[in-house]
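What follows is one structure encoded as structure tokens, with my remarks underneath.
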Amino acid sequence: MQPSSILQHKVFQSNPFIHHTAVGGLAFSDSSSVGISVENKYLITSLSKLNISAQFKTLHGGLSIHMNTMANEIFSGVSMGMGYGIRLSKTLGIGVGGKVKRDQFRGFVPFFILSPQLGLLYLFAKKGSISVHLRKLIKPNVHPFYKEFGNISSCINYQIAEQVEVGVEITNDFRDKSNLNIYTEWSPTNQLQTYLYYRTNSTEIQTGIVYSLKRLGMGMGISNHPFLGSSAFIMLHHGF
Numbered sequence: 001m002q003p004s005s006i007l008q009h010k011v012f013q014s015n016p017f018i019h020h021t022a023v024g025g026l027a028f029s030d031s032s033s034v035g036i037s038v039e040n041k042y043l044i045t046s047l048s049k050l051n052i053s054a055q056f057k058t059l060h061g062g063l064s065i066h067m068n069t070m071a072n073e074i075f076s077g078v079s080m081g082m083g084y085g086i087r088l089s090k091t092l093g094i095g096v097g098g099k100v101k102r103d104q105f106r107g108f109v110p111f112f113i114l115s116p117q118l119g120l121l122y123l124f125a126k127k128g129s130i131s132v133h134l135r136k137l138i139k140p141n142v143h144p145f146y147k148e149f150g151n152i153s154s155c156i157n158y159q160i161a162e163q164v165e166v167g168v169e170i171t172n173d174f175r176d177k178s179n180l181n182i183y184t185e186w187s188p189t190n191q192l193q194t195y196l197y198y199r200t201n202s203t204e205i206q207t208g209i210v211y212s213l214k215r216l217g218m219g220m221g222i223s224n225h226p227f228l229g230s231s232a233f234i235m236l237h238h239g240f
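Shown next, in the form of structure tokens:
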């Protein structure tokens, strides 16, 4: 649970956790940075997730590298991914990427999942963006309880005031099931950002705060899932 996935569609971002699942935004990377975050899943003491990410600005876009690991006495998983985005024009960018994930449940043999993705992002009116991302899961047949097969997501993001930005995202998981996610961000100062993210299908709410001091960024957040419970995370990233 890094800041909302809709953050990935913002015009400029120096947070390295943002673009690894929506590579289209890499085309407009404004800086290079590295970061680490730790998340406690659903307030289960033994279930924690470690994320390490890096983002590098290139001549015509950006490159991202991401790794995370999560484990407890029942489950262990690790994934690694990369993405690259390139600007086709001042307003249009494209990104490609993917990740490899290794999961293992107690009593089962480990298995791997490959997840490629393709993204397109268009900037408009100097204050907004529209993006489309296609993701596909290539999974083994030995674990039929994995229900995710990939999805296509469309997002519109717009700065409605100098300090306020909103976003709406629609996802479809290839099984005729669509989800609507709503996001808003308020930045009372140049150093402070607060955000709220709402998933309409699960009624899950995520909220958090990010504070920036020169090139150093620090953040924390919580989420509340109606069935699984609460999660919390802290993060730290540094730009260069």
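Residue numbering for the sequence shown follows our numbering, beginning at 1 and increasing consecutively.
Virtual Cβ for every residue (Gly too), placed ideally from N, Cα, C.
Under the three-state DSSP convention, the category T189 falls into = Position 189 of the sequence shown holds residue 189. Coil at T189, not helix or strand.
Length of the line joining the Cα atoms of V23 and A161 = As a position in the sequence shown, residue 23 is number 23, starting the count at 1. As a position in the sequence shown, residue 161 is number 161, starting the count at 1. Taking the straight line joining both Cα atoms gives about 26 angstroms.
Between the C-alpha atoms of G150 and N172, what's the straight-line distance to the nearest angstrom?
-> Sequence index remark: in the sequence shown, residue 150 carries index 150 (1-based). Sequence index remark: in the sequence shown, residue 172 carries index 172 (1-based). Computed Cα separation, rounded: 9 angstroms.
What span of residues does the beta strand (DSSP E) with G98 cover, start to end?
-> Within the sequence shown, residue 98 is the residue found at index 98, counting from 1. First-last of the beta strand (DSSP E) with G98: L92 to F105.
Cβ neighbours of Q163 in the same chain (closer than 8 angstroms, five flanking residues each side left out) = On the sequence shown, residue 163 is found 163 positions in, with the first residue counted as 1. Sequence-distant Cβ neighbours of Q163 in its own chain, meaning closer than 8 angstroms and more than five residues away, are W186, S187 and P188.
Would you kindly work out how many angstroms separate the C-alpha atoms of I222 and H238, rounded to a whole number?
-> Translated into positions along the sequence shown, residue 222 becomes position 222. Translated into positions along the sequence shown, residue 238 becomes position 238. Each residue's Cα considered, the two are about 22 angstroms apart.
How many angstroms separate the CA atom of K214 from the CA atom of N190?
-> Working through the sequence shown from its first residue, we reach residue 214 at position 214. Working through the sequence shown from its first residue, we reach residue 190 at position 190. Each residue's Cα considered, the two are about 10 angstroms apart.
Where the beta strand (DSSP E) through V23 begins and ends | Residue mapping note: residue 23 aligns to position 23 of the sequence shown, counting from 1. Taken as a continuous stretch (DSSP letters only), V23 belongs to no beta strand (DSSP E), as it is neither H nor E.
Excluding the five sequence neighbours on either side, which residues of its own chain have a C-beta within less than 8 angstroms of the C-beta of Y246, listed in chain order?
-> Absent from the model: residue 246. The displayed extent of the chain is 1 to 240, so no value can be given.
For K41, three-class secondary structure by DSSP = As a working mapping, residue 41 is identified with position 41 in the sequence shown. K41 falls in the helix class under three-state DSSP.
Alpha carbon of P110 to alpha carbon of M70, nearest angstrom = The residue you call residue 110 lines up with position 110 of the sequence shown. The residue you call residue 70 lines up with position 70 of the sequence shown. About 14 angstroms.
Identify, in the order they occur along the chain, each residue of the same chain with its Cβ nearer than 7 angstroms to the Cβ of V11, setting aside the five sequence neighbours on each side.
-> The residue you call residue 11 lines up with position 11 of the sequence shown. Interpretation of V11 is limited by its pLDDT of 48, a score under 50 that renders its predicted location unreliable; the figure taken from the coordinates is listed afterwards. F28, L123 and S129.
Check each candidate in I182, F174 and S89 and name the one with the smallest Cα separation from E165.
-> Start at 1 with the first residue of the sequence shown, and residue 165 comes out as number 165. When only C-alpha atoms are compared, the closest one is I182.
Cα-Cα separation, R87 to F75 | Walking along the sequence shown from the start, residue 87 turns up at place 87. Walking along the sequence shown from the start, residue 75 turns up at place 75. So the alpha carbons of these two residues sit roughly 40 angstroms apart.
What residues are listed by DSSP as bridge partners for L118?
-> Within the sequence shown, the letter at position 118 stands for residue 118. Bridge partners of L118: V96 and L134.
Would you give the residue range spanned by the beta strand (DSSP E) that S89 belongs to?
-> Taking the sequence shown and counting its residues from 1, one reaches residue 89 at position 89. That residue, S89, is in no beta strand (DSSP E); it is neither H nor E in DSSP.
Mind checking which residues open and close the beta strand (DSSP E) that includes N224?
-> Working through the sequence shown from its first residue, we reach residue 224 at position 224. From DSSP, the beta strand (DSSP E) with N224 extends over L216 to H225.
Measure the C-alpha to C-alpha separation of N72 and T91 and round it to an integer number of angstroms.
-> One-based indexing of the sequence shown puts residue 72 at position 72. One-based indexing of the sequence shown puts residue 91 at position 91. Those two C-alpha atoms are separated by around 44 angstroms.
Best match in L180, V34 and K57 for proximity to T203 [C-alpha to C-alpha] = The sequence position of residue 203 within the sequence shown is 203, counting from 1. Across the set L180, V34 and K57, the C-alpha of L180 shows the shortest separation from the C-alpha of T203.
Are the beta-carbon atoms belonging to I234 and V34 less than 7 angstroms from one another?
-> Position 234 of the sequence shown, counted from the start, is the residue given in the question as residue 234. Position 34 of the sequence shown, counted from the start, is the residue given in the question as residue 34. No, they are not a contact pair.
Exposed or buried, R106, counting other C-beta atoms within 10 Å across all chains shown (16 or more means buried)?
-> Position 106 of the sequence shown, counted from the start, is the residue given in the question as residue 106. Exposed, by the Cβ-count rule.
Assigned exposure category for N201 - 16 Cβ within 10 Å defines buried = Translated into positions along the sequence shown, residue 201 becomes position 201. With fewer than 16 other Cβ atoms within 10 Å, it is exposed.
To the nearest angstrom, how far is it from the Cα of T184 to the Cα of K101?
-> One-based indexing of the sequence shown puts residue 184 at position 184. One-based indexing of the sequence shown puts residue 101 at position 101. Approximately 31 angstroms between the Cα atoms of the pair.
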